[in-house]
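Below: one structure, written as structure tokens.
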Amino acid sequence: MSEKLTSREENYSQWYQDLVIKADLAENSAVRGCMVIKPYGYAIWEKMQQELDRRFKETGHVNAYFPLFIPKSFFSKEASHVEGFAKECAVVTHYRLKNDPNGGGIIVDEEAKLEEELIVRPTSETIIWHTYRGWIESYRDLPILVNQWANVVRWEMRTRLFLRTAEFLWQEGHTAHATAEDAVEETVKMLNVYADFAENILAIPVVKGMKSPNERFAGAIDTYCIEALMQDGKALQAGTSHFLGQNFAKAFDVKFTTKEGKREYVWATSWGVSTRLMGALVMAHSDDLGLVLPPRLAPIQVVIVPIFKSEQQLYAINEKVAELKKALEKKGISVKYDNRDTYKPGWKFAEYELKGVPVRIAIGPRDLENGTVEVARRDTQEKAVYQMTDLHIKVEHLLEQIQENIYRKALDFREEKTYRADSWEEFLDILDNKGGFVYAHWDGTTETEVKIKEFSKATIRCIPLDNQPEDGKCILTGNPSGQRVLFARAY
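1 is the number of the first residue of the sequence shown in the numbering used here; add one for each residue after it.
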């Protein structure tokens, strides 16, 4: 199975495409630019959802749902927002079909044209802030801390499974506050929630920072982000959190009465992550043999494969495995016992290697006699013999070791691929021949930022939050700069 994968060195893009499809994560659909998320891929996404949803609720947020369709007029109320999304919007113009009287099949009924076109949700700020106008009257109604799990549509022309599709799944938080300080605190809090999730669940180290004005979300005052580095040296934005100021409150006339009796506009945030994290998970950890899944996200954490030659042997193994499986599951470990007799053990080993199952246990007649099993870990390919008596304890510890090792490997890679450039020539040399994150000086102007992107295909990924002041000269213009920013070519 895994031999059919294109190697990363040969063609990284094709390797990614092969792996997503062959590991049963997703496939292209009949609708151009859209995907079918298959059960194994969706099981991973569900674990992401569960982990994030728990974190959201621990920080006081509740879930709600808002319409998929947004009146076109809503988008014209916030000028920068409509400008940012106009080219990606799918528009509903009619509400009925009919049979073609000329025998041409089903056609749009021209008499069923909508009075106002509807936009298929690319993001929900407009419809939500229109709704909040009816929810907010006084300071007693604040804060509103709402999250939505939904799908969105952004009409992409060049698509790639999980990384960029016309329709994708995500969550979007939308909160309303009485003061700017409360809104900024919320924005940073949710950025930290995302960073904690990325590092402790996805095992992906991230850089926390703020987007440049040119890269910030349409309609935001400030956009915070987490940036991750993939194995091909390209960056991937893994999550964003936006301080929206009062822009949407003013656009939809959302005011509240303060404790002092004054009428003021509400302060807003929005934040989100999407199924793009599935792509990050694949590209950050996997190898030429298949997926490498962090145990905390793996739908199957342990697979047990019996090795037998007769029904009698299988019967004896089945009895012992039932006992072992029960002990592991009591530890909260998800276990699959694959005793199908239609596939040989070697085929099963390759299948679960391809699917990134963290731990594989093989058990045969001789193991029953010795009271042992062979345990293989996916991340390092190492094998060891464990005693059955304390298998559940050792496997629990092993899963934690694998989680930590996967993170450490990704962190070591990022550190190895992080550079500082002090000249334009050095900057281009790193991007062209090494890849990775590049800390370099920028003069702070949008004009220079656009030129750097045009000349190098690299963008400012973020202005890191832990930045230290450092006097220098912009790599392109030579103008004064007071700090380095993070550049990379990106997905």
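Each residue gets a CB set at the ideal place from its N, CA and C atoms; glycine is no exception.
Check the Cβ-Cβ distances between residue i and every residue of chain C, and say whether any is below 8 Å.
i	result
Glu447	Although the question refers to chain C, the structure presented lacks it and comprises just one protein chain.
Return the chain-ordered list of same chain residues with a C-beta closer than 6 Å to the C-beta of residue i, the five sequence neighbours on each side being excluded.
i	result
His174	Ile128, Val146, Ser270
Ser274	Phe168, Trp170
Glu186	Thr175, Thr269
Gly239	Tyr194, Ile226, Val273
Lys336	Ile300, Val303
Glu88	Pro122, Arg154, Trp155
Leu497	Look at the range of the chain in this structure, 1 to 491, and you will see that residue 497 is not part of it.
Between residue i and the rest of its own chain, which residues show a CB-CB distance below 7 Å, the 5 nearest in sequence each way excluded?
i	result
Ser2	For Ser2, the predicted structure reports a pLDDT of 46, less than 50, and the residue's modelled location is therefore unreliable. The matter cannot be settled from this model.
Thr448	Trp442, Cys474, Leu476, Thr477
Lys451	Leu476
Val292	His285, Ser286, Gly356, Arg378, Asp379, Ile406
Val108	His94, Leu97
Between the Cα of residue i and the Cα atoms of the options, which residue gives the shortest distance?
i	options	result
His397	Glu415, Pro358, Gln381, Tyr419	Pro358
Val152	Ile70, Trp135, Lys211, Ile144	Ile70
Gly272	Phe248, Val188, Leu297, Ile317	Val188
Glu311	Phe248, Leu114, Pro365, Phe85	Pro365
Ala362	Glu369, Asn370, Pro345, Gly356	Pro345
Gln387	Arg377, Asn370, Thr380	Asn370
Lys38	Asp53, Asp109, Ile21	Ile21
Glu78	Ala180, Lys394, Asp466, Ser124	Ser124
Arg276	Asn11, Ala26, Ser481	Ala26
Val282	Glu9, Ile44, Tyr265, Ala218	Ile44
Tyr65	Leu391, Arg377, Gly356, Gln148	Gln148
Leu368	Ala316, Glu382, Thr240	Ala316
Pro294	Pro464, Pro306, Glu470, Ala280	Ala280
Asp471	Asp422, Gly261, Ala410	Asp422
Tyr343	Asn11, Lys309, Arg133	Lys309
Leu465	Gly332, Phe75, Lys453, Val207	Val207
Lys57	Val321, Met190, Ala490, Ala23	Met190
Asp24	Phe413, Gly356, Glu382	Gly356
Glu382	Asp390, Arg360, Thr389	Arg360
Asn63	Asp412, Glu172, Arg408, Pro480	Glu172
Asp141	Ser7, Glu425, Val266	Val266
Thr59	Glu415, Thr446, Asn192, Arg408	Asn192
Gln468	Ser7, Arg484, Pro480	Arg484
Tyr139	Glu319, Asn479, Arg263	Arg263
Report buried or exposed for residue i, applying the criterion of at least 16 other Cβ atoms within 10 angstroms of its Cβ.
i	result
Val375	buried
His285	buried
Ile393	exposed
Ile201	buried
Gly436	buried
Ser241	buried
Gly482	exposed
Leu486	buried
Pro101	exposed
Lys98	exposed
Tyr224	buried
Val385	exposed
Ile402	buried
His94	exposed
Ala30	exposed
Arg420	exposed
Ala458	buried
Tell me, to the nearest whole angstrom, how far the beta carbon of residue i is from that of residue j; I am working on the premise that it is less than 8 Å.
i	j	result
Leu114	Val92	7 Å
Asp379	Ile406	6 Å
Arg558	Glu199	What is shown of the chain runs 1 to 491, which leaves residue 558 out entirely.
Glu51	Phe197	6 Å
Phe252	His130	5 Å
Pro306	Asn339	5 Å
Gly245	Gly84	With 8 Å as the limit, Gly245 and Gly84 do not qualify as a contact, their Cβ atoms being about 15 Å apart.
Asp182	Pro143	6 Å
Leu399	Gln301	6 Å
Asp222	Phe243	4 Å
Ala488	Pro205	Incorrect: roughly 14 Å between the Cβ atoms, too far for contact.
Gly41	Met278	7 Å
Thr179	Met35	About 41 Å; that fails the 8 Å criterion.
Ala90	Val120	4 Å
Ser73	Glu116	6 Å
Phe75	Thr126	6 Å
For residue i, which residues from the same chain have a beta carbon less than 8 Å from its beta carbon, with the 5 sequence-adjacent residues on both sides left out?
i	result
Lys417	Leu229, Gly233, Lys434, Gly435, Gly436, Phe437
- prompt: Taking three-plus beta-carbon pairs below 8 Å as touching, is the segment 252-265 in contact with the segment 220-235?
  reply: No, the segment 252-265 does not touch the segment 220-235.
message: Within 8 Å, do at least three Cβ pairs link the segment 439-458 to the segment 206-223?
response: Yes, the segment 206-223 touches the segment 439-458.
- request: Specify whether the segment 159-168 and the segment 12-21 touch according to this definition: at least 3 beta carbon pairs, one from each stretch, less than 8 Å apart.
  value: In short, these stretches touch, since the Cβ pair count reaches three.
- request: Assess, as a yes-or-no matter, whether the segment 326-335 is touched by the segment 53-63 under the definition of 3 or more beta carbon pairs within less than 8 Å.
  value: Cβ pair count under 8 Å is below three, so no.
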